[in-house]
Amino acid sequence: MPGVGVDSDGNVDMTTPQPIFEFIRDPWLTVWSQAALIQFKRERSQYEKKIEERCAVTNENKTNVLVSVKASVETRVLEHLARFILRKALVAVTDADIVAEIDRKCGTILNAHVPDLMTMFKEWLKMDLHEQDIEARISTYFVDFDRLVEEKGFIGALGRVREGKSLTDTR
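In terms of this note's numbering, the sequence shown is residues 4 to 174.
Below, the structure written as C-alpha coordinates:
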(Lines of atoms letter the chains of each structure in order from A; the text may use other names.)
(Lines give C-alpha, C1' and ligand atoms only; values in the text may rest on other atoms or scores of the structure.)
Protein backbone atom coordinates (compact mmCIF):
# COMPACT_ATOMS: atom_id res chain seq x y z
CA MET A 4 0.00 0.00 0.00
CA PRO A 5 1.38 3.42 -0.88
CA GLY A 6 2.28 5.68 2.04
CA VAL A 7 2.26 2.84 4.56
CA GLY A 8 5.49 1.64 6.13
CA VAL A 9 6.30 -1.36 8.26
CA ASP A 10 8.41 -1.18 11.43
CA SER A 11 11.01 -3.77 12.55
CA ASP A 12 8.34 -5.91 14.24
CA GLY A 13 6.25 -6.09 11.09
CA ASN A 14 3.57 -3.72 12.39
CA VAL A 15 2.12 -1.17 10.02
CA ASP A 16 3.17 2.43 10.73
CA MET A 17 0.18 4.70 10.27
CA THR A 18 1.01 8.08 8.77
CA THR A 19 -2.17 9.66 10.14
CA PRO A 20 -3.54 9.14 13.64
CA GLN A 21 -6.61 6.97 14.08
CA PRO A 22 -9.72 9.06 14.64
CA ILE A 23 -11.26 8.87 18.08
CA PHE A 24 -15.02 9.11 18.21
CA GLU A 25 -17.25 9.79 21.17
CA PHE A 26 -20.89 8.90 20.88
CA ILE A 27 -22.77 12.03 21.94
CA ARG A 28 -26.26 11.10 23.06
CA ASP A 29 -29.03 13.65 23.22
CA PRO A 30 -30.84 14.05 26.56
CA TRP A 31 -34.24 12.39 26.80
CA LEU A 32 -37.24 14.03 28.52
CA THR A 33 -39.57 11.38 29.95
CA VAL A 34 -41.42 13.30 32.68
CA TRP A 35 -42.97 16.78 32.67
CA SER A 36 -41.92 17.83 36.17
CA GLN A 37 -39.92 20.84 37.23
CA ALA A 38 -37.02 18.73 38.48
CA ALA A 39 -36.92 16.70 35.25
CA LEU A 40 -37.10 19.85 33.13
CA ILE A 41 -34.24 21.50 35.00
CA GLN A 42 -32.15 18.35 34.53
CA PHE A 43 -33.13 18.24 30.84
CA LYS A 44 -32.12 21.91 30.33
CA ARG A 45 -28.74 21.30 31.94
CA GLU A 46 -28.08 18.13 29.91
CA ARG A 47 -29.35 19.76 26.70
CA SER A 48 -26.96 22.69 27.17
CA GLN A 49 -24.04 20.30 27.67
CA TYR A 50 -25.16 18.26 24.63
CA GLU A 51 -25.30 21.36 22.41
CA LYS A 52 -21.82 22.45 23.55
CA LYS A 53 -20.38 19.02 22.76
CA ILE A 54 -22.00 19.06 19.32
CA GLU A 55 -20.59 22.57 18.69
CA GLU A 56 -17.11 21.34 19.58
CA ARG A 57 -17.51 18.31 17.33
CA CYS A 58 -18.75 20.42 14.42
CA ALA A 59 -15.85 22.84 14.84
CA VAL A 60 -13.43 19.95 14.37
CA THR A 61 -15.28 18.07 11.61
CA ASN A 62 -16.66 21.11 9.73
CA GLU A 63 -20.17 19.66 9.87
CA ASN A 64 -23.26 21.84 9.93
CA LYS A 65 -24.51 22.02 13.53
CA THR A 66 -28.18 22.07 12.51
CA ASN A 67 -27.71 18.81 10.61
CA VAL A 68 -26.09 17.08 13.59
CA LEU A 69 -28.23 18.28 16.51
CA VAL A 70 -31.24 16.19 17.46
CA SER A 71 -34.25 18.49 17.74
CA VAL A 72 -35.78 19.22 21.12
CA LYS A 73 -39.07 17.80 19.86
CA ALA A 74 -37.37 14.50 19.00
CA SER A 75 -35.80 14.42 22.49
CA VAL A 76 -39.19 14.35 24.23
CA GLU A 77 -40.91 11.03 24.87
CA THR A 78 -43.99 10.61 22.65
CA ARG A 79 -46.57 10.50 25.48
CA VAL A 80 -45.04 13.55 27.16
CA LEU A 81 -44.98 15.39 23.83
CA GLU A 82 -48.65 14.53 23.18
CA HIS A 83 -49.60 15.76 26.66
CA LEU A 84 -47.59 18.94 26.18
CA ALA A 85 -49.17 19.66 22.80
CA ARG A 86 -52.74 18.90 23.82
CA PHE A 87 -53.06 20.23 27.36
CA ILE A 88 -50.32 22.81 27.84
CA LEU A 89 -49.63 24.34 24.44
CA ARG A 90 -53.16 23.62 23.10
CA LYS A 91 -51.83 22.92 19.62
CA ALA A 92 -51.87 20.05 17.20
CA LEU A 93 -48.84 17.81 17.64
CA VAL A 94 -47.55 18.58 14.14
CA ALA A 95 -47.76 22.33 14.84
CA VAL A 96 -45.52 22.16 17.93
CA THR A 97 -42.02 23.51 17.28
CA ASP A 98 -38.76 23.34 19.19
CA ALA A 99 -39.19 27.01 20.09
CA ASP A 100 -42.61 26.26 21.65
CA ILE A 101 -41.17 23.46 23.76
CA VAL A 102 -38.13 25.48 24.86
CA ALA A 103 -40.32 28.47 25.78
CA GLU A 104 -42.62 26.26 27.86
CA ILE A 105 -39.66 24.59 29.58
CA ASP A 106 -38.20 28.03 30.40
CA ARG A 107 -41.56 29.22 31.71
CA LYS A 108 -42.01 26.18 33.96
CA CYS A 109 -38.42 26.25 35.21
CA GLY A 110 -38.64 29.98 35.89
CA THR A 111 -41.54 29.71 38.30
CA ILE A 112 -41.45 28.63 41.90
CA LEU A 113 -42.82 25.09 42.26
CA ASN A 114 -46.59 25.33 42.85
CA ALA A 115 -46.14 28.99 43.90
CA HIS A 116 -44.85 27.77 47.27
CA VAL A 117 -42.04 29.75 48.86
CA PRO A 118 -39.99 27.42 51.04
CA ASP A 119 -38.08 28.36 54.18
CA LEU A 120 -35.25 30.28 52.55
CA MET A 121 -33.03 30.49 55.62
CA THR A 122 -32.96 26.70 55.98
CA MET A 123 -32.46 26.24 52.26
CA PHE A 124 -29.56 28.71 52.15
CA LYS A 125 -28.02 27.06 55.20
CA GLU A 126 -28.15 23.66 53.47
CA TRP A 127 -26.99 24.76 50.02
CA LEU A 128 -24.64 27.67 50.58
CA LYS A 129 -21.54 26.87 52.54
CA MET A 130 -18.25 28.71 52.26
CA ASP A 131 -15.36 26.23 52.31
CA LEU A 132 -12.90 28.02 54.57
CA HIS A 133 -10.39 25.19 54.19
CA GLU A 134 -9.95 26.14 50.52
CA GLN A 135 -6.74 28.17 50.29
CA ASP A 136 -7.54 29.77 46.93
CA ILE A 137 -9.89 32.67 47.71
CA GLU A 138 -11.07 33.02 44.12
CA ALA A 139 -11.96 29.30 43.99
CA ARG A 140 -13.77 29.57 47.34
CA ILE A 141 -15.92 32.48 46.18
CA SER A 142 -16.49 30.98 42.75
CA THR A 143 -17.74 27.72 44.28
CA TYR A 144 -20.11 29.67 46.53
CA PHE A 145 -21.64 31.58 43.60
CA VAL A 146 -21.88 28.44 41.45
CA ASP A 147 -23.78 26.77 44.31
CA PHE A 148 -26.07 29.82 44.51
CA ASP A 149 -26.76 29.68 40.76
CA ARG A 150 -27.51 25.96 41.05
CA LEU A 151 -29.92 26.65 43.94
CA VAL A 152 -31.72 29.36 41.97
CA GLU A 153 -31.99 27.11 38.93
CA GLU A 154 -33.11 23.93 40.70
CA LYS A 155 -35.63 25.56 43.02
CA GLY A 156 -37.21 27.72 40.33
CA PHE A 157 -36.22 31.12 41.71
CA ILE A 158 -35.20 32.42 38.28
CA GLY A 159 -38.61 34.03 37.80
CA ALA A 160 -38.48 35.66 41.23
CA LEU A 161 -34.94 37.00 40.88
CA GLY A 162 -35.05 37.75 37.18
CA ARG A 163 -32.31 37.06 34.70
CA VAL A 164 -29.34 39.35 34.40
CA ARG A 165 -28.73 40.37 30.82
CA GLU A 166 -25.21 40.26 29.45
CA GLY A 167 -23.26 43.29 30.62
CA LYS A 168 -25.87 44.42 33.17
CA SER A 169 -25.64 44.26 36.94
CA LEU A 170 -28.44 43.33 39.34
CA THR A 171 -28.74 46.95 40.46
CA ASP A 172 -28.72 48.47 36.97
CA THR A 173 -32.27 49.67 36.22
CA ARG A 174 -31.71 50.76 32.63
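Every residue, glycine too, gets a C-beta built ideally from N, C-alpha and C.
> Between V80 and the rest of its own chain, which residues show a CB-CB distance below 8 Å, the 5 nearest in sequence each way excluded?
Replying inline: Residue numbering aside, residue 80 sits at position 77 when the sequence shown is read from its first letter. So the list reads L32, T33, V34, W35, once near-sequence residues are dropped.
> Cβ atoms of D100 and L93: under 8 Å apart, would you say?
Replying inline: As a working note, residue 93 is residue 90 in the sequence shown. As a working note, residue 100 is residue 97 in the sequence shown. Not closer than 8 Å, so no.
> Where does D147 sit, in a helix, a strand or coil, going by DSSP?
Replying inline: Your numbering for residue 147 matches position 144 in the sequence shown. DSSP places D147 in helix when its eight states are reduced to three.
>> Check whether the segment 55-68 and the segment 128-148 touch, using three or more Cβ-Cβ pairs below 8 Å as the test.
In response: no
> If you draw a straight line from the C-alpha of E154 to the C-alpha of L40, how long is it?
Replying inline: Locating residue 154 in the sequence shown gives position 151, where the first residue counts as 1. Locating residue 40 in the sequence shown gives position 37, where the first residue counts as 1. It is roughly 9 Å from the alpha-carbon of E154 to the alpha-carbon of L40.
>> So, with DSSP's three-state summary, where would you put D29?
In response: Along the sequence shown, one-based indexing puts residue 29 at 26. D29: coil per DSSP, three-state reduction.
> Below 8 Å between beta carbons: does that hold for E56 and P30?
Replying inline: For the purposes of this step, residue 56 is taken as the residue at position 53 of the sequence shown. For the purposes of this step, residue 30 is taken as the residue at position 27 of the sequence shown. Cβ atoms of E56 and P30: not closer than 8 Å.
>> On a Cα-Cα basis, can you pick out the residue from F124, M130, I27, Y144 that is closest to Q49?
In response: Translated into the one-based positions of the sequence shown, residue 49 becomes position 46. The candidate whose alpha carbon is nearest that of Q49 is I27.
>> If you follow the alpha helix (DSSP H) that T76 is in, where does it begin and where does it stop?
In response: By 1-based counting over the sequence shown, the position of residue 76 is 73. The identity of residue 76 in the sequence shown is Val, whereas the question assumes Thr. Note, V76: premise wrong, no alpha helix (DSSP H); not H, not E.
> Quick one: what's got a C-beta closer than 6 Å to S71's C-beta in the same chain, skipping five residues either side?
Replying inline: Along the sequence shown, read from residue 1 onward, the residue named residue 71 stands at position 68. Within the same chain, S71 has close Cβ partners D98.
> With respect to the alpha helix (DSSP H) encompassing N67, which residues constitute its N-terminal and C-terminal limits?
Replying inline: Taking the first residue of the sequence shown as 1, we reach residue 67 at position 64. Residues 65-68.
> Thinking C-beta only, is Q42 closer than 8 Å to K108?
Replying inline: As a working mapping, residue 108 is identified with position 105 in the sequence shown. As a working mapping, residue 42 is identified with position 39 in the sequence shown. Not closer than 8 Å, so no.
> Helix, strand or coil for A139 per DSSP?
Replying inline: The residue labelled residue 139 in the question sits at position 136 within the sequence shown. Of the three classes helix, strand and coil, the one that applies to A139 here is helix, per DSSP.
> Under 8 Å, do Y175 and L128 count as touching if we go by C-beta distance?
Replying inline: Not covered by the structure: residue 175. The range shown for the chain is 4 to 174.
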